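Following: one structure in structure tokens, then a few remarks.
In this note's numbering, the protein residues as written are 3 to 357.
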């Protein structure tokens, strides 16, 4: 949080923000940064609950947070009723309040339902061993979150050269995209718990069935979302912004990039599976190749050759290429597990029953 406040000007100026846009960003982020503690703990808590085998409760908590955010946004932005008109700061405050609800709900579930919280004084050796095991998976996971942000920062900087309408168009599109890929993220989160449980049972055959099931489901969802955005992408963009230029850019992004949503889901699930297989550094290497070696050069080439449409095409192609690498790498990893004599290869249980 302190780092966010102290680097606000440097970070957003480097991303191309200046003048009135920079002032507006600082208004929003000044409020948002105060809510950072309410973001971190629910994320950890949700993953802990999923690892315990319950994927429904974290989804319900997140859905409740989204509803609260959606209700508070217009009230605090426009000052409806007795609520003050706060505009951008209101949007940030609505997000912070919504995150506070997930914070409270996560602590309640962790303590009273799953009994995962305890106030004890651990031995130094036990603490060291616990931190060591957590960081073996956690540190690569941090890098996996950090690398895409760097790449998207580069993309945002390039897009900003086309004006605030272009930045706004991409912003609208990525907001809509986050809603669309929600089910794909859920599949990836499910694969962590599912793979971990079957790895412990030494049932690599069931892990393979889970991967096949999730891959098929991701492709189906991706195809549906592509059809939806091809038809209704412009209407969806109009909900967030009525500027014709912004809407057209947003629609172009949604119509093109949504072609890759299915394979994007496969890639996300593969990354989650690597972590559950205790192969987090494989996931990092794939992310580096996808986001640094493939993504950045492709959007630079696309920008030079075809401007904004080229950038969008570069994003789409990078997702396909990154997924191919993920699938091949995961297949090779699975084959190594199957060759180990400690793993069984009995008749698989239907994956729907296992999940």
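Where a beta carbon is used, it is the ideal one built from N, C-alpha and C, also for glycine. No experiment lies behind these values; they were computed from the predicted model shown.
Taking residue i and residue j to be in contact with their CB atoms under 8 Å, please state how far apart those CB atoms are, rounded to whole angstroms.
i           : j           : result
residue 322 : residue 262 : 6 Å
residue 167 : residue 248 : 5 Å
residue 107 : residue 63  : 5 Å
residue 26  : residue 90  : 6 Å
residue 175 : residue 252 : 4 Å
residue 269 : residue 300 : So it is not a contact: roughly 15 Å between Cβ atoms.
residue 84  : residue 78  : Wrong, their Cβ atoms sit about 11 Å apart, outside the cutoff.
residue 298 : residue 162 : Contact doesn't hold; Cβ gap of about 16 Å is too wide.
residue 324 : residue 312 : Wrong, their Cβ atoms sit about 18 Å apart, outside the cutoff.
residue 71  : residue 94  : Their Cβ separation, rounded to whole angstroms, is 11 Å, which puts residue 71 and residue 94 out of contact at 8 Å.
residue 302 : residue 158 : Residue 302 to residue 158, Cβ: 14 Å. No contact.
Looking only at its own chain, which residues have a Cβ that is under 6 Å from the Cβ of residue i, when we skip the five neighbours before and after it?
i           : result
residue 354 : Unreliable placement is indicated for residue 354, whose pLDDT of 44 sits below 50; no coordinate value is reported for it.
residue 209 : 197 and 200
residue 340 : 206
residue 266 : 321
residue 217 : 268
Let's see if you can read the secondary structure: which residues bound the alpha helix (DSSP H) around residue i?
i           : result
residue 113 : Taken as a continuous stretch (DSSP letters only), residue 113 belongs to no alpha helix (DSSP H), as it is neither H nor E.
residue 40  : 39-53
residue 251 : 246-259
residue 236 : 206-242
residue 87  : It is not in any alpha helix (DSSP H) - residue 87 carries neither H nor E in the DSSP assignment.
residue 31  : 21-36
residue 343 : Segment: none, residue 343 is in no alpha helix (DSSP H) and carries neither H nor E.
residue 11  : 10-16
residue 132 : 126-162
residue 171 : 166-182
Report the residue from the options whose alpha carbon sits nearest the alpha carbon of residue i.
i           : options               : result
residue 179 : 272, 154, 14 and 260  : 260
residue 231 : 294, 182 and 78       : 182
residue 24  : 9, 37, 120 and 38     : 9
residue 50  : 6, 140 and 99         : 140
residue 47  : 109, 11, 246 and 177  : 109
residue 215 : 204, 173 and 271      : 271
residue 42  : 77, 78 and 3          : 3
residue 74  : 92, 59 and 61         : 92
residue 177 : 132, 334, 246 and 240 : 240
residue 330 : 213, 246, 138 and 238 : 213
residue 88  : 124, 33 and 138       : 33
residue 238 : 204, 173, 135 and 202 : 173
residue 160 : 126, 245, 19 and 5    : 19
Closer than 8 Å by C-beta to residue i: which residues in its own chain qualify, once you throw out the five before and the five after it? Chain order, please.
i           : result
residue 307 : none
residue 225 : 264
residue 273 : 146, 190, 285, 288, 289 and 328
residue 111 : 47, 51, 59 and 63
residue 291 : 324 and 327
residue 343 : none
Compare the beta carbon distance of residue i and residue j with 8 Å and say whether it is the shorter of the two.
i           : j           : result
residue 192 : residue 57  : yes
residue 143 : residue 282 : yes
residue 55  : residue 103 : no
residue 31  : residue 150 : no
residue 40  : residue 105 : yes
residue 315 : residue 243 : no
residue 7   : residue 35  : yes
residue 76  : residue 69  : no
residue 235 : residue 256 : yes
residue 279 : residue 335 : yes
residue 332 : residue 275 : yes
Might you give, ordered along the chain, the residues of its own chain that have their beta carbon closer than 7 Å to the beta carbon of residue i, omitting 5 neighbours on each side?
i           : result
residue 310 : 164, 168 and 251
residue 29  : 90 and 91
residue 12  : none
residue 350 : Only weak support is given to the placement of residue 350: the predicted model assigns it a pLDDT of 47, under 50, and the value that follows is read from those uncertain coordinates. Excluding residues within five positions, the ones whose Cβ falls inside 7 Å are 207, 208 and 211.
residue 61  : 188
residue 228 : 260, 261 and 263
residue 37  : 97, 98 and 101
residue 119 : 112 and 113
residue 219 : 189
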